[in-house]
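Below: the structure, in structure tokens.
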Amino acid sequence: MFQCGWLRSLRQVAILLLVVSVTACAGLGERREAPADISDASGEAVDPAGGRAGSADPTAADPVPAPEPETAPVAPPAVAQNALMVAALQARSSGNRSRAVALLERAQRIDPDNGQLYLELARTHFDAGNVAQGRATAERGLLYCRGEECGELRALLE
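Quick note: the sequence shown uses the numbering used here, first residue 7, plus one each step.
Printed below as a string of structure tokens:
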């Protein structure tokens, strides 16, 4: 009975080794050869390693610049942020202050260092009667303001 268990273990080890060796060798038959001759745009043969076919120096190959990938033009963040600010100012002037706040906050996520956005957001909060939020926004805007924006933000805080 002892021998039977030992033989079973040996058989399992042999099967495991067979499976491992078969899977390890499975990819060896799929090797692909490089083409013998490749010609460049001038029709001259080029070695696949990068040199001219008759040349001993592989660095003698003329470098061919890679074509530039075509990319679709992307709207810069400033364009999106400006469009959101215009929409927010229109919403605020029509009395839809909650939409104006939402649009200005979205614009801030695009351009968080824009003092003009803080100014308009603070004005919108004040117009809506949210004095504490307006003051907090104006104070934060002072960190990012330039020129006239700073004076207007300070005026909101007085």
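Ideal Cβ placement from N, Cα and C applies to all residues, glycine included.
>> I'd like to know if V107 contacts chain D, where contact means its C-beta is closer than 8 Å to some C-beta of that chain.
In response: Looking at the structure shown, chain D is missing, and only one protein chain is on hand.
> Would you report the Cα separation of T130 and D119, rounded to the nearest angstrom?
Replying inline: 18 Å
> Can T143 and A128 be called in contact, C-beta distance under 8 Å?
Replying inline: yes
> Could you give the residue range of the alpha helix (DSSP H) that holds N88?
Replying inline: Going by DSSP, N88 is part of the alpha helix (DSSP H) stretching over 83-99.
>> For E154 and N88, what's the separation of their Cα atoms in angstroms?
In response: 18 Å
> Between Y124 and G147, which are expected to be in contact by the criterion C-beta below 8 Å, what is the C-beta distance as a whole number of angstroms?
Replying inline: 3 Å
>> Need the endpoints of the alpha helix (DSSP H) that E154 sits in, please.
In response: 154-163
> On the three-state DSSP scale, how would you describe V107?
Replying inline: helix
> For Y150, which option in D133, F132, Q114 has the closest C-alpha, if you only look at C-alpha atoms?
Replying inline: Q114
>> Can you give me the C-alpha to C-alpha distance between M7 and R17, rounded to a whole angstrom?
In response: With a pLDDT of only 48 at M7, under 50, the local geometry of the prediction cannot be trusted, and the value read off the model is given with reservation. Taking the straight line joining both Cα atoms gives about 16 Å.
> Looking only at its own chain, which residues have a Cβ that is under 6 Å from the Cβ of E158, when we skip the five neighbours before and after it?
Replying inline: L125
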